[in-house]
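Asker:
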Amino acid sequence: DGASFEVISPDLTRNDASKMGPSGGPITKDNTSVEYFGTIFAFAESPAQAGVLWAGSDDGLVQLSRDGGQTWQNVTPPDLPEWALISIIEPSPHDAATAYVAATRYKLDDHAPYLYKTADYGKTWTKIVTGIPENEFTRVIRADAARQGVLYAGTEKGVYVSFNDGAAWSPLQGNLPVVPIHDLALKDSDLIAATHGRSFWILDDVSPLHQLLDTPAEAGQPRLFAPRPTVRPTGGGRRPSPNPDYHRGYGNAGGFVVRTVQRTNAAGEPELAFLDAGSNPPGGVVVQYYLPQKPDQPLTLRFRDAAGALIKEFTSKPEEPEKKADETKDEHDKKEEPHPSVKAGLNRFVWNARYPDATDLKGVILWAGSLTGPLAPPGRYSVELAVGDTTQSVKFELVKDPRVAATQAELEEQFTFLQQIREKLSEAHAAIGQLRVARDQADAWAKRVKDGPHAEAIATAARMLHDALTAVEEELIQPRSKAHEDPLNYPIKLNNKLAALASVVASGDAAPTRQSREVYADLAAQTDRALHRLQEVFATELDAFNTTVRDAAIPAIVAPEP
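According to my numbering, the sequence shown holds residues 4 to 565 in order.
#1: Quick one: residues in its chain with C-beta nearer than 6 Å to the C-beta of A220, no 5 flanking neighbours on either side, listed in chain order?
#2: Pull the bridge partners of Q291 from the DSSP assignment, please.
#3: Report the partner residues of Y384 according to the DSSP bridge assignment.
#4: Check the DSSP bridge columns for G59 and list the partner residues they point to.
#5: Have a look at P25, A409, I89 and T74 and flag the residue whose alpha-carbon is nearest the alpha-carbon of F140.
#6: Please list, in chain order, all residues of the same chain as L497 whose beta carbon is under 8 Å from its beta carbon, the five residues on each side excluded.
#7: Ordered along the chain, which non-local residues of its own chain (more than five positions away) have a Cβ less than 8 Å from that of V182?
#8: Please report how far the alpha carbon of R231 lies from the alpha carbon of V290, in whole angstroms.
#9: Using the three-state DSSP reduction, which class does S7 fall into: helix, strand or coil?
#10: Excluding the five sequence neighbours on either side, which residues of its own chain have a C-beta within less than 6 Å of the C-beta of T129, listed in chain order?
#11: Who are the Cβ neighbours of A464 in its own chain at under 7 Å, not counting the five residues just before and after it?
#12: Taking its Cβ as the centre, do 16 or more other Cβ atoms sit within 10 Å of S60, making it buried, or is it exposed?
#13: Does the Cβ of S145 have 16 or more other Cβ atoms within 10 Å, making it buried, or fewer, making it exposed?
#14: Exposed or buried, what is K110 when buried is set at 16 or more other beta-carbons lying within 10 Å of its beta-carbon?
#15: Let me know the beta strand (DSSP E) ranges lying completely inside the region 188–226, each 3 residues or longer, listed in chain order.
#16: For a test of the three-state rule: what should DSSP assign to D113, helix, strand or coil?
#17: Please state whether DSSP places R145 in a helix, a strand or coil.
#18: How close, in whole Å, do the beta carbons of L15 and L83 come, if the pair is a contact with beta carbons under 8 Å?
#19: If we count the other Cβ atoms within 10 Å of its Cβ and call it buried at 16 or more, is P247 buried or exposed?
#20: Does DSSP put A276 in a helix, in a strand, or in coil?
#21: Please identify the residue among R142, V507 and A99 whose C-alpha is closest to the C-alpha of I424.
#22: Closer than 7 Å by C-beta to L504: which residues in its own chain qualify, once you throw out the five before and the five after it? Chain order, please.
#23: Tell whether a beta-carbon distance below 7 Å holds between D207 and P284.
#24: Determine, using beta carbons only, whether A361 comes closer than 7 Å to chain B.
#25: At the level of alpha carbons, what is the spacing between V288 and T233?
#26: With burial defined as no fewer than 16 other Cβ atoms inside 10 Å of the residue's Cβ, what is the status of H469: buried or exposed?
#27: Just to confirm before moving on: does the CB-CB distance between R357 and L388 stay below 7 Å?
#28: Out of T237, F8, W57 and N34, which one is the CA nearest neighbour of I43?
#29: With DSSP run on the structure shown, which of helix, strand or coil describes R442?
#30: Would you call the region 186–196 and the region 352–369 in contact, with 3 or more CB pairs under 8 Å?
#31: Within 10 angstroms of its Cβ, does Q417 collect 16 or more other Cβ (buried), or is it exposed?
#32: Can you have a look at D299 and say buried or exposed, based on whether 16 or more other CB atoms are within 10 angstroms of its CB?
#33: Just the C-alpha distance for T303 and I368, rounded to the nearest angstrom, thanks.
#34: Look up D392 in the DSSP assignment and say whether it is helix, strand or coil.
This is the structure in structure tokens:
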């Protein structure tokens, strides 16, 4: 563990003493250690074969040992100009005889790219820089462990990719700024770039590149890429807000989020804009699909379980007609599911791995509860892309977070129980919506005939129906709660208790507790009694009201008084 070391090589540099004097001029020295010359700058062991060691120096030598450091051989590419800095040596993860070298000579006013490949332990080398501008020097080269022949290179200005083992390179810049790439690393299917002064950047998921290599895209046709195995988002986190929209949980497609901050000087004039914020990748299943052009028909993404049953579907946003200046829209009506993008090119959509929410209710106020649907348990799923008459389907896997101790059976038990709570809450909300519609109609009838000959009879029947429906409503929901803090003033009713129970059960990754099941049994029984009472009201008071209106023979249109 580093408590002691033993020497496994001779000096692997040029050991040129003329390059090792004090740095700086005769008045002020600049010896901060970065000026030292004649050092081993790059070192790596072959992941394909233990004991195959590659070393590169900052004065232009590449050395190889195939016996764990007992003997070494100078295998420097013969056409590499002298005094190059060997920045990175990347042994191939697929073949012990293969290695890649990235070198620079910009300190000698040579800005050319220098990338080399050997497939015979350094006996011969091939320069592999086609496609990289001649004035863009190279700092790093990395090999993709998941696909032989796929390489990534970092230059002074950005990132490049090769699909043919370096024979040709293409830019892989995206929204990455023009910035030096000092190193690259592959973690699973993420490509991480270390820049000089512009933070770390991550290209989160290069697996579509792999899939294109396996099955090239058909010209002019949409292409759906299989999502990589996705770690199931864990339960828990902060307590749900009283706001019913909290935890709807849809991530936005995209990678790094950039925020521009504008500074002003004393005169109030713009002075500086800079980048100061990043974001985690979206939480959920990232679906990527390619569209050759914007489709003229709706695009739909459907998520299904292992048996093929539909979980949720999302449709692209329709073209909206131009609104009139005085046209308004209720705030509640603005809540909607996310819409898949339909722009030409590569698109991303993030499914939050949740089943449908409980039935919403206009104006509902929930304290410590949520309508959010349950997380899908770990398992196999599929996603369909439908554009017009074309449908593609790919499978993907939702895997358990390795930090979670719950078993698959326990997570499925939790999911089933949350589904049960959601259905009961949805049943209650649907009933509340029904009774409110019926009550509003009865009240409207009473108002409509208030000056007619049957006004008293209709008003009496409407009042009886109104009171009976309100009594049921007040068992199921707290109608006096109009603002998010109102539950502090008015008693919480059954729908809120069910929503809060769902939040408790979903607050961690574990099987439901006995106490939670007991609470549900009690709340479900109370809810069922209220729903049964509602059916009785519909069968009695509502029927009596309808009979009163019918017997009164009130015309369909009542002419207003002149």
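Quick reminder that beta carbons are idealized off the backbone N, C-alpha and C, glycines included.
Answerer: Taking the geometry as given:
#1: Position 217 of the sequence shown holds residue 220. R226, listed in sequence order.
#2: Within the sequence shown, numbered from 1, the residue matching residue 291 stands at position 288. Answer is F228 and R351, bridged to Q291.
#3: In the sequence shown, residue 384 corresponds to position 381, counting from 1. Y384 pairs with F399.
#4: The count along the sequence shown starts at 1 and reaches residue 59 at position 56. Bridge partners of G59: A45 and V65.
#5: Position 137 of the sequence shown holds residue 140. Minimum Cα distance to F140 is reached at I89.
#6: In the sequence shown, the residue the question calls residue 497 occupies position 494. The residues are A431, E478, L479, I480, L526, Q529, T530 and A533.
#7: Residue mapping note: residue 182 aligns to position 179 of the sequence shown, counting from 1. Contacts found: K160, G161, T198, H199, G200 and R201.
#8: In the sequence shown, residue 231 corresponds to position 228, counting from 1. In the sequence shown, residue 290 corresponds to position 287, counting from 1. Each residue's alpha carbon lies about 9 Å from the other.
#9: Taking the sequence shown and counting its residues from 1, one reaches residue 7 at position 4. S7: coil per DSSP, three-state reduction.
#10: As a working note, residue 129 is residue 126 in the sequence shown. So the qualifying residues of the chain are K120.
#11: Position 461 of the sequence shown, counted from the first residue, corresponds to residue 464. Correct list, in chain order: A547, F548 and T551.
#12: Locating residue 60 in the sequence shown gives position 57, counting from the first residue. Answer is buried; the Cβ neighbour count reaches 16.
#13: In the sequence shown, the residue the question calls residue 145 occupies position 142. It should be pointed out that residue 145 corresponds to Arg in this sequence rather than to Ser. The residue in question, R145, is buried, as its Cβ has 16 or more Cβ neighbours within 10 Å.
#14: Looking up residue 110 in the sequence shown gives position 107. Exposed is the call here.
#15: 193–198 and 203–207
#16: Your numbering for residue 113 matches position 110 in the sequence shown. Note: D113 maps to strand in three-state DSSP.
#17: If you number the sequence shown from 1, residue 145 lands on position 142. Note: R145 maps to strand in three-state DSSP.
#18: Taking the sequence shown and counting its residues from 1, one reaches residue 15 at position 12. Taking the sequence shown and counting its residues from 1, one reaches residue 83 at position 80. L15 to L83, Cβ: 15 Å. No contact.
#19: For the purposes of this step, residue 247 is taken as the residue at position 244 of the sequence shown. Unreliable positioning characterises P247 in this predicted model, as indicated by a pLDDT of 35, which lies under 50. A coordinate reading is not provided.
#20: Residue numbering aside, residue 276 sits at position 273 when the sequence shown is read from its first letter. Annotation note: pLDDT 43 at A276 (below 50); position unreliable, coordinate value reported separately. Reduced to three states, the DSSP call for A276 is strand.
#21: Reading the sequence shown from its first residue, position 421 is the one you call residue 424. Nearest C-alpha to I424: V507.
#22: Translated into the one-based positions of the sequence shown, residue 504 becomes position 501. Hits under 7 Å: I424, S519, V522, Y523 and L526.
#23: Mapped onto the sequence shown, residue 207 falls at position 204. Mapped onto the sequence shown, residue 284 falls at position 281. For D207 and P284, yes; Cβs fall inside 7 Å.
#24: In the displayed structure, chain B is absent; only one protein chain is listed.
#25: Here residue 288 refers to the residue found at position 285 of the sequence shown. Here residue 233 refers to the residue found at position 230 of the sequence shown. About 6 Å.
#26: The sequence position of residue 469 within the sequence shown is 466, counting from 1. Per the 10 Å Cβ criterion, buried.
#27: Here residue 357 corresponds to residue number 354 of the sequence shown, with the count starting at 1. Here residue 388 corresponds to residue number 385 of the sequence shown, with the count starting at 1. No, these two residues do not count as a Cβ contact at 7 Å.
#28: Start at 1 with the first residue of the sequence shown, and residue 43 comes out as number 40. Nearest of T237, F8, W57 and N34 to I43, Cα basis: W57.
#29: Here residue 442 corresponds to residue number 439 of the sequence shown, with the count starting at 1. Here R442 sits in helix by DSSP.
#30: no
#31: For the purposes of this step, residue 417 is identified with residue 414 of the sequence shown, where counting begins at 1. Its Cβ being crowded by 16 or more others within 10 Å, Q417 is buried.
#32: Translated into positions along the sequence shown, residue 299 becomes position 296. By the neighbour-count rule (16 or more Cβ atoms within 10 Å), D299 is not buried but exposed.
#33: Along the sequence shown, one-based indexing puts residue 303 at 300. Along the sequence shown, one-based indexing puts residue 368 at 365. If you take the alpha carbons of T303 and I368, they lie about 32 Å apart.
#34: By 1-based counting over the sequence shown, the position of residue 392 is 389. Three-state result, D392: coil.
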